[in-house]
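Report on the structure given below.
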Amino acid sequence: MDMIANWLGNTPDFAVPFALAALGLILTERAGVLALGAEGLMLVGALAAIGAQLAYGSHGVSLLLAMGAAAVVSLLFALMVLVLRINQVIAGLALVFFCQGLTGLLGTLLEWTNKPVKGLAAVELWPLSELPLLGKLFVQNPLVFMTPLIVLAVVWFLTRTTTGLRLRAVGENPQAADAAGISVLGYRLAAILVGAALIGLAGGYISLLSTKLWIADMTGGRGWIAVALVIFARWSPWKALAGALLFGCIEALIPQLAAAGVRLPQYFVLMTPYAVTLAVMIWVASGRHATGNQPGALGIPFIREERR
Amino acid sequence: MLKQMKRTLCAAVAFGLATTLGVASAQEGLTLDKPAKIAMLYISPRNDGGWTQAFDEARQKLEAELDTKIQYVESVPENASSIRPAVDRLIQRGANVIIGTAFGYSDTFKELAAKYPDVAFLNGSGTTNSANLESFYGRTYESQYLCGMAAGAASKTGKLGFVAANPFGQVNWTVNAFALGAQAINPDATVTVVYTGAWNDPVKERAAAMALIDAGADVLGQHVDSPTPQIVAQERGVHGTGHHRDMREFAPDATVCSSVWVWDRFLAPELKKISAGNWTPPENGALLSMAEGGTDAACCGPAVSEADKAKIMATREQLLKGEKQIYAGPMLDRDGTERIAAGEVMADPALWQMDWFVKGVTTQQ
Numbered sequence: 001m002d003m004i005a006n007w008l009g010n011t012p013d014f015a016v017p018f019a020l021a022a023l024g025l026i027l028t029e030r031a032g033v034l035a036l037g038a039e040g041l042m043l044v045g046a047l048a049a050i051g052a053q054l055a056y057g058s059h060g061v062s063l064l065l066a067m068g069a070a071a072v073v074s075l076l077f078a079l080m081v082l083v084l085r086i087n088q089v090i091a092g093l094a095l096v097f098f099c100q101g102l103t104g105l106l107g108t109l110l111e112w113t114n115k116p117v118k119g120l121a122a123v124e125l126w127p128l129s130e131l132p133l134l135g136k137l138f139v140q141n142p143l144v145f146m147t148p149l150i151v152l153a154v155v156w157f158l159t160r161t162t163t164g165l166r167l168r169a170v171g172e173n174p175q176a177a178d179a180a181g182i183s184v185l186g187y188r189l190a191a192i193l194v195g196a197a198l199i200g201l202a203g204g205y206i207s208l209l210s211t212k213l214w215i216a217d218m219t220g221g222r223g224w225i226a227v228a229l230v231i232f233a234r235w236s237p238w239k240a241l242a243g244a245l246l247f248g249c250i251e252a253l254i255p256q257l258a259a260a261g262v263r264l265p266q267y268f269v270l271m272t273p274y275a276v277t278l279a280v281m282i283w284v285a286s287g288r289h290a291t292g293n294q295p296g297a298l299g300i301p302f303i304r305e306e307r308r
Numbered sequence: 309m310l311k312q313m314k315r316t317l318c319a320a321v322a323f324g325l326a327t328t329l330g331v332a333s334a335q336e337g338l339t340l341d342k343p344a345k346i347a348m349l350y351i352s353p354r355n356d357g358g359w360t361q362a363f364d365e366a367r368q369k370l371e372a373e374l375d376t377k378i379q380y381v382e383s384v385p386e387n388a389s390s391i392r393p394a395v396d397r398l399i400q401r402g403a404n405v406i407i408g409t410a411f412g413y414s415d416t417f418k419e420l421a422a423k424y425p426d427v428a429f430l431n432g433s434g435t436t437n438s439a440n441l442e443s444f445y446g447r448t449y450e451s452q453y454l455c456g457m458a459a460g461a462a463s464k465t466g467k468l469g470f471v472a473a474n475p476f477g478q479v480n481w482t483v484n485a486f487a488l489g490a491q492a493i494n495p496d497a498t499v500t501v502v503y504t505g506a507w508n509d510p511v512k513e514r515a516a517a518m519a520l521i522d523a524g525a526d527v528l529g530q531h532v533d534s535p536t537p538q539i540v541a542q543e544r545g546v547h548g549t550g551h552h553r554d555m556r557e558f559a560p561d562a563t564v565c566s567s568v569w570v571w572d573r574f575l576a577p578e579l580k581k582i583s584a585g586n587w588t589p590p591e592n593g594a595l596l597s598m599a600e601g602g603t604d605a606a607c608c609g610p611a612v613s614e615a616d617k618a619k620i621m622a623t624r625e626q627l628l629k630g631e632k633q634i635y636a637g638p639m640l641d642r643d644g645t646e647r648i649a650a651g652e653v654m655a656d657p658a659l660w661q662m663d664w665f666v667k668g669v670t671t672q673q
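Note that the protein sequences, when read in sequence, are chains A and B. Per this note's numbering, the first sequence starts with residue 1, numbered consecutively. Per this note's numbering, the second sequence starts with residue 309, numbered consecutively.
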């Protein structure tokens, strides 16, 4: 019983970075820009958050700087894909490698590596925190409780505002959007920046609120899982949140089982998050869901008055 | 990354290869044609907080002891196209003793040692050896045994946790030694191990440490690269034992003992031997006991009583004098199978292949 309570209580800590990063990716990709750089931007956010925390010591400021730093670095990606119209897959991969090198170097030069910082005190949502079994779900750091609100805000923005409609139009049919007087490149640039900020926040969450220290390459492939998450959530923020929770559950369960002395084959267990990613993607691709709502112009550079 | 495997396959391969190749060891040893000029290649940044930082600390001590300047190159990845130019350049600048720090340098170092027969090569956690190349690693189970004793002494419940990277021989030998040490103080002590599957993933290490504490462990041992398990122990008000370096730096209240690298104790005499001339590296490389340098235990935190501390220090003395063997028979595994016969000491190849656990250890499969 205790184990289940602890397991559920630890789940949000794993789920939140997936959810925030997936959300950022959805925003960018809904505007038609294929963003594979999440892993790199998360590293930038993670490093910036710890650096800012070591320098200023305010969690709020550090997380904002993490968002800002990731957005600034994503300008480089924007330059590559919007102005130079480089293949978006290659630009995304290049961004990841660039960020891995950059953060590793800066973390060493500035001596931010392996410097523990203080975490954020947990907030208790009373009386929900008194619930049996589920109680620990409601004793979390504030950003955990804000995550569903951020998802709600993004959903509202995409589906209930004119700007959101235009952003989706840019992603579905940029030629039509352009003819209607919408600035395709402007919207795409904004989508890249805001998306990167959310991905940077996900990275900042991992370093500042979860592990409370910076180590080179510490995101450990979680940005790639977020990329897969977006595909199997079919670019829907709520489904991405559900997917993030599923992954969080699995990641939180593995150590709980091991610590409880359950003798499972460990390499199989460590493989499960990735196996689940694959399985769900195959399921999504093979079923009727396949036609889902993948943005029509995803990954296609926009060239005005180009014949298609 | 190859680094993950660096401390593994190691000897299995090394011992196998070295014996079959047989090496032309009859010929004369290496004599440098100039005074020794030493250079080091680091796998990570010098301030990585663990493995490489321990080498950098050794470098500073060596500079003082040998009264020389030692150059170093940081963050040299484990692929030939990065290692070769770095070593070539160092040798062009006059270096004639090259010290590497990674499993993944093994093959390229072997190649370079053949290319530069007048240069002495050493490689920490490497697997290859030749007439002018010596690989070395430490018997971490000795220092981890001492930390296990400290953990057993600091634990109130006798339930210990251990955060480990991968179930490789040299990780499993620390787990078993940790458990044996704890049981030397508290015969009922148990150790539950969580493997994270990564050398340096603070997210997984934190989750593992939290889960172990949730499940009742009140001292956490570790064989992973980051100090995360110690930091979690400190946050949760329990204790822990560190690896690589003295982790009181990160968790002053929690860490009661750390298995630390003391490479200078091995390298200083070895470098002097190289300078003296006619140096012949051991055929199978050096697997260093505490007596030979390599590792030591930084002990003990205030949670360990004076009486227990005295026991630990006495055992340390025995190890330093070479009077005590951790893996000496008779030893049974947790299923009751005899693994070491009475009167025998486990041989190195068997150590590297260790895939069994002593009584009281719980692991995944």
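The beta-carbon is built from N, C-alpha and C at its ideal position, and this holds for glycine as well.
Give the single residue among the options whose Cα lies nearest to the Cα of residue i.
i: B:Ser352; options: A:Ala121, A:Leu245 and A:Ile215; result: A:Ile215
i: B:Tyr424; options: B:Ala410, B:Leu398, B:Ser443 and B:Phe363; result: B:Leu398
i: B:Pro537; options: B:Lys512, B:Gly524 and B:Lys345; result: B:Lys512
i: B:Pro343; options: B:Gly602, B:Pro535, B:Val612 and B:Lys580; result: B:Lys580
i: B:Asp509; options: B:Val471, B:Gly466, B:Phe486 and B:Pro475; result: B:Val471
i: A:Ala91; options: A:Pro301, A:Ala153 and A:Gly51; result: A:Pro301
i: A:Arg30; options: A:Arg304, A:Val284 and A:Ala297; result: A:Ala297
i: A:Val230; options: A:Ala21, A:Pro255 and A:Ala180; result: A:Ala21
i: A:Ala191; options: A:Ala180, A:Ala228, A:Val269 and A:Phe77; result: A:Phe77
i: B:Pro657; options: B:Thr623, B:Ala516 and B:Gly477; result: B:Gly477
i: B:Val570; options: B:Arg556, B:Tyr445 and B:Gly601; result: B:Gly601
i: A:Gly261; options: B:Gly644, B:Thr670 and B:Gly357; result: B:Thr670
i: A:Ala156; options: A:Leu23, A:Asn87 and A:Glu306; result: Note on residue identity: the sequence assigns Trp, not Ala, to residue 156 of chain A. For A:Trp156, the nearest C-alpha among the options comes from A:Leu23.
i: A:Leu47; options: A:Leu109, A:Ala258 and A:Val170; result: A:Leu109
i: B:Ala492; options: B:Trp664, B:Thr623 and B:Thr360; result: B:Thr623
Less than 8 Å between the CB atoms is what I'm expecting for residue i and residue j, so what's the real figure, rounded?
i: A:Leu34; j: A:Gly299; result: 4 Å
i: B:Ile539; j: B:Ala559; result: 6 Å
i: A:Arg188; j: A:Gly37; result: About 14 Å separates the two Cβ atoms, so there is no contact after all.
i: B:Ala497; j: B:Gly529; result: Not a contact, Cβ separation roughly 11 Å.
i: A:Thr211; j: B:Arg354; result: The Cβ separation is near 22 Å, so there is no contact.
i: B:Asn586; j: B:Glu336; result: 6 Å
i: B:Met598; j: B:Leu627; result: 5 Å
i: B:Tyr350; j: B:Val395; result: Going by Cβ atoms, the distance from B:Tyr350 to B:Val395 rounds to 13 Å, so no, they are not a contact pair.
Return helix, strand or coil for residue i, following the three-state DSSP convention.
i: A:Met218; result: coil
i: A:Leu64; result: helix
i: B:Ser333; result: Note on B:Ser333: pLDDT 44, under 50, position unreliable in the model; the coordinate value appears next. Three-state DSSP puts B:Ser333 in coil, outside helix and strand.
i: B:Ala636; result: strand
i: A:Gln140; result: strand
i: B:Tyr413; result: helix
i: B:Ala615; result: helix
i: B:Arg514; result: helix
i: A:Ile182; result: coil
i: B:Gly358; result: coil
i: B:Phe470; result: strand
i: B:Arg553; result: coil
i: B:Phe558; result: coil
i: A:Leu209; result: helix
i: B:Leu659; result: helix
i: B:Trp274; result: Residue 274 of chain B lies beyond the residue range present for chain B, which begins at 309 and ends at 673; the question has no answer from this structure.
i: A:Glu124; result: strand
i: B:Arg392; result: helix
i: B:Ala319; result: For B:Ala319, the predicted structure reports a pLDDT of 46, less than 50, and the residue's modelled location is therefore unreliable. A value from the coordinates is still provided. Correct three-state label for B:Ala319: helix.
i: B:Thr536; result: helix
i: A:Val310; result: Look at the range of chain A in this structure, 1 to 308, and you will see that residue 310 of chain A is not part of it.
i: B:Glu365; result: helix
Give me whichever residues DSSP pairs with residue i in a beta bridge.
i: B:Gly548; result: B:Leu528 and B:Thr563
i: B:Met348; result: B:Tyr380 and B:Ile407
i: B:Cys607; result: B:Cys565
i: B:Gly446; result: B:Leu596
i: B:Asn494; result: Per DSSP, none; premise fails for B:Asn494.
i: B:Trp587; result: B:Leu338
i: B:Ala428; result: B:Val405
### Query
What are the start and end residues of each continuous alpha helix (DSSP H) run of 4 or more residues lying completely inside the stretch 39-117 of chain A, in chain order?
Correct list: 59-78 and 88-109.
### Task
Only counting runs of 4 or more residues, tell me where the alpha helix (DSSP H) segments fall wholly within the stretch 232-289 of chain A, in order along the chain.
Runs found: 237-259 and 266-286.
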